[in-house]
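Residue numbers (the numbering used here): 6 to 542.
Report on one structure; see the data block that follows.
Put into structure tokens, the structure is as follows:
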């Protein structure tokens with residue numbers, strides 16, 4: 006008779022006390038030999054729970070068992086709990102094996118054949134499932150308490166961190182997180198590349214960052230090249246702010262848990278709050294659902310910034326004579342002709358130069374900055390005081406949305422509410438409002454955290470010179486565009502008059518920055534009217 010052996014061990018702490026995989030194999034081989042069966046095929050799943058059948062070797066074994074070539078006649082396990090800890094899975098797969106004329110044998114729970122044996126196997130399966138659930142509860146409680154005491158629970162730490170033994174209690178090593186310097190340098194570099202670039206190009210997207218790191222020879226913890234998904238995960242990981250939230254999601258279903266069930270674990274901070282928030286703001290603004298990719302990736306200087314003063318539609322770049330002539334044209338006029346709008350049509354180079362020259366000469370000249378910045382900085386400091394109340398209100402709204410969502414989920418769990426399209430729509434609306442509020446909080450917190458350094462003639466001259474170099478660098482269009490977009494919120498073209506508006510707070514933060522060469526990373530909240538910086542040319 007042809008036999009197969011299936012062995013398994015989970016990754017939970019309790020698994021350390023279970024029979025080891027070599028012992029399981031040895032005992033199952035001895036059982037097969039005692040029955041005179043052929044040398045068995047062995048399937049091994051290391052680090053997989055039997056509460057689910059989503060195990061690679063398990064699935065491979067089932068496929069072989071049900072194949073037409075009839076690979077084996079019996080599957081041997083040490084105990085039924087190695088095969089499954091879910092009664093439905095046990096009964097379902099056992100029935101499928103019976104249909105394929107393959108027996109399932111437990112060397113420690115041999116109940117024989119027949120209805121009585123099936124009943125005994127079902128009872129054992131039910132007890133295994135109950136034990137698994139109780140064990141899971143116990144493990145979960147232990148891990149939550151471990152996190153409350155400030156210790157790491159054994160999963161792979163986020164990229165940029167390593168574990169170390171902080172205490173030893175009996176035979177248990179209690180671990181915490183420390184900064185892994187080599188990885189931490191890469192994390193900081195990724196944030197810097199996303200906001201500012203490498204000094205030779207404009208800010209990079211996730212794809213360019215991955216390519217840049219791989220070209221420079223950087224590798225992940227496992228020695229593999231960086232991928233776009235990995236870069237995005239790093240840029241959005243809140244743990245780098247110094248707080249890791251344990252028990253945030255249900256590990257089995259992936260569903261988020263109520264916030265009051267989260268356990269906050271303090272870890273070393275890797276990224277400053279204003280940098281992290283600036284990244285989240287940029288990620289949000291550049292999401293394809295909000296900003297078309299052509300605006301994000303285009304090297305055309307005023308794409309997405311310049312608008313027609315007549316109808317408000319964006320100016321679109323058009324070419325003529327095979328690309329010899331390039332000019333901005335009102336999109337409505339381009340689509341509908343003079344009947345749509347009588348708006349502008351202006352050579353690209355002329356408008357680009359007019360905008361950059363006006364910005365440099367009328368807004369960013371050192372003597373002009375020395376006049377306009379002190380009151381702007383004072384106003385910004387006063388605004389930050391008022392922002393505290395606004396932040397508290399937004400945080401209260403966010404908590405209220407979270408409570409409402411949690412109440413609906415509780416009622417659904419209790420069976421008081423039945424899922425229907427209206428309820429789904431309501432929950433989606435609450436989630437959207439909560440996420441929007443979170444973005445508003447991030448932007449305000451970013452404004453609050455950006456340092457406003459003292460003004461000096463030297464710092465203003467340094468900023469003005471850096472701005473001139475960046476805005477006039479035709480050899481580096483991506484950096485030029487990124488720098489301009491950081492300082493200018495809107496360009497309106499009408500009757501040979503160009504009006505630019507930008508954020509006072511951004512200008513103040515950029516001009517007092519210690520790194521004037523870099524693209525300002527202040528979260529953009531452009532203002533109009535008397536609170537705007539306005540320049541006409």
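No residue lacks a Cβ here, since even glycine has one placed at the ideal position from N, Cα and C.
Counting only the Cα atoms, residue 308 lies some 45 Å from residue 268. Here the C-alpha atom of residue 334 lies approximately 28 Å from the C-alpha atom of residue 289.
As a beta-bridge residue in DSSP terms, residue 313 pairs with 498.
Assigned with DSSP and collapsed to three states, residue 508 falls in strand. Here the region 42-59 lies against the region 83-90, with 3 or more beta-carbon pairs under 8 Å apart.
In the structure shown, residue 278 adopts helical secondary structure according to DSSP, grouped into three states. Residue 25 is not bridged by DSSP to any residue. Under the rule that a run must span 4 or more residues, the alpha helix (DSSP H) segments found entirely inside the region 137-221 read 186-200 and 211-220. The alpha-carbon separation between residue 148 and residue 220 amounts to approximately 40 Å.
With a threshold of 16 other beta carbon atoms within 10 Å, residue 177 falls short and is exposed. Excluding five sequence positions before and after residue 157, the CB atoms of its chain that fall closer than 7 Å to its own CB belong to 168, 180, 181 and 182, given in chain order.
In the three-state DSSP reduction, residue 33 falls in the helix class (H, G or I). Looking at 348, 425 and 476, the one whose alpha-carbon comes closest to that of residue 500 is 348. For the beta strand (DSSP E) assignment, the region 384-420 encloses no uninterrupted run of at least 3 residues. Straight across, the Cα-Cα distance linking residue 435 with residue 376 is about 46 Å. Using a Cβ distance threshold of 7 Å, residue 336 and residue 352 do not count as a contacting pair. The secondary-structure analysis by DSSP pairs residue 335 across a beta bridge with 320.
Buried is the label assigned to residue 50, since at least 16 other Cβ atoms lie within 10 Å of its Cβ. For residue 86, the enclosing alpha helix (DSSP H) covers residues 85-88. By the neighbour-count criterion, in which a residue is buried when 16 or more other Cβ atoms sit within 10 angstroms of its Cβ, residue 197 is buried. With 16 or more neighbouring CB atoms inside 10 Å of its own CB, residue 11 falls in the buried class.
Residue 351: member of the beta strand (DSSP E) spanning 350-352, first to last residue. In this structure, the beta-carbon distance from residue 403 to residue 439 falls below 7 Å. Inclusion of residue 448 and residue 277 in the CB contact set at 7 Å is not warranted, their separation being larger than that value. When beta bridges are read from the DSSP output, residue 11 appears opposite 48. Beta bridge pairing from DSSP links residue 325 with 330. Comparing alpha-carbon positions, the option among 102, 60 and 114 lying closest to residue 82 turns out to be 114.
Rounded to the nearest angstrom, the Cβ distance from residue 79 to residue 108 is 4 Å, consistent with a contact under 8 Å.
Per the Cβ contact rule, the region 26-34 is not in contact with the region 60-68 (fewer than 3 Cβ pairs under 8 Å). Within its own chain, the residues whose Cβ lies closer than 6 Å to the Cβ of residue 275, once the five positions on either side in sequence are excluded, are 165, 189, 192 and 245, listed in chain order. In the structure shown, residue 361 falls within a helical segment according to DSSP collapsed to helix, strand and coil. Counted as a single uninterrupted DSSP element, the stretch harbouring residue 422 is not any beta strand (DSSP E), since DSSP gives it neither H nor E. Under the DSSP definition of a beta bridge, residue 249 partners with 270. Within the same chain, 231 come within 6 Å of residue 218 by CB-CB distance, once the 5 residues on both sides are set aside. Here the region 356-370 makes contact with the region 474-494; the two share three or more CB pairs at distances below 8 Å. The beta carbon of residue 239 sits closer than 7 Å to the beta carbons of 164, 192 and 195 from its chain, once the five residues preceding and following it are set aside; these are given in chain order.
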